[in-house]
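Undergrad:
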Ligand SMILES: [Zn+2]
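Numbering (the working numbering), first residue to last: -17 to 150.
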């Protein structure tokens, strides 16, 4: 669901930093019209190996734009995380974990809270709890244990993604 902002991102640009002859070629921020250094890589799409390079503020803006949970209340986000159906929303929520989503200034992001919720844990749960709950749920929803059950496969993917996000 790229926003208009993201569609306006141009091709990678290179520029020179410094005015003397030691000027170093640096990657410029990919955000249209921005002339800062782009030293914050971000996937062009969830799961993609291609990267945009942004300055810090634009990387943050890009992450916010891609955060599946952006603009949702916590309750809505939780509802989506509990949706085991094959809907595109459930798929998108699982993919969001793959690159963490937007981070809050302090405390847990909505994405992290949703990840705790996916693992059916309180958001203060420690690594031991996260690990044992992950093992329990992964076993329960593993495709081998649920042959031909796409809802279980989706849940399994969400559980893995949530664990990837929360493990140390
Ligand atoms: Zn920028």
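Here a beta-carbon is modelled for each residue, glycine too, at the ideal position from N, C-alpha and C.
#1: Does the beta carbon of residue 18 fall short of 6 Å from some heavy atom of ligand 1?
#2: DSSP three-state label for residue 124, please.
#3: Near residue 15, what residues of its chain come up, given a Cβ to Cβ distance below 7 Å and the 5 sequence neighbours on each side ignored?
#4: Does the distance between the C-beta of residue 13 and the nearest non-hydrogen atom of ligand 1 fall short of 6 Å?
#5: Name the residue from 24, 37, 105 and 31 whose alpha carbon lies nearest to the alpha carbon of residue 45.
#6: By the 10 Å Cβ neighbour count, where 16 or more other Cβ atoms means buried, how is residue 94 classified, buried or exposed?
TA: This is what the structure holds:
#1: For the purposes of this step, residue 18 is taken as residue 36 along the chain shown, with counting starting at 1. Within the cutoff, so yes.
#2: Along the chain shown, read from residue 1 onward, the residue named residue 124 stands at position 142. Per DSSP, reduced to three states, the secondary structure at residue 124 is coil, with no helix or strand assignment.
#3: Taking the first residue of the chain shown as 1, we reach residue 15 at position 33. Same-chain partners within the cutoff: there are none.
#4: Within the chain shown, numbered from 1, the residue matching residue 13 stands at position 31. Flag set: Cβ of residue 13 near ligand 1.
#5: Indexing the chain shown from 1 puts residue 45 at position 63. Closest by alpha carbon: 24.
#6: In the chain shown, residue 94 corresponds to position 112, counting from 1. Flag for residue 94 reads buried.
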